[in-house]
Amino acid sequence: MYDAYIMQRTQIYLTEEQGRLLRGRSQATGCTVSELIRTAIDDAYAPRREPSTADRVRVARRTAGAWKDFPESGAEYVERVRGSRRLSRLTDR
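In our numbering, the protein residues as written are 21 to 113.
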């Protein structure tokens, strides 16, 4: 039911700017500063693994609707970036 793990307490020194950035991110996300630091350490030093289905679902839910306020469709964006009507050439058969 609960994941049991042991925490190791440590003390670190941060610049004022680093502390400000962490506090700002903490307020914006609702995560504790400790959680942000642990996540950053995991991201930087933990071995990479394939994301689980739960991880993929979590990312999909967090990003759903992110494109809705963008001024152009995905196809229009690709066409603008790649140019030369490449997308339409691929889809027109």
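C-beta: ideal position from N, C-alpha, C; glycine also.
- When rounded, the separation of the alpha-carbon atoms in glutamine 28 and serine 46 is 21 Å.
- In the structure shown, the three-state DSSP call for alanine 48 is helix.
- Rounded to whole angstroms, the separation of the alpha carbons of valine 79 and serine 54 is 22 Å.
- Just so you know, the alpha carbons of alanine 64 and glutamate 70 end up roughly 16 Å apart.
- For threonine 83, the enclosing alpha helix (DSSP H) begins and ends at 73-83.
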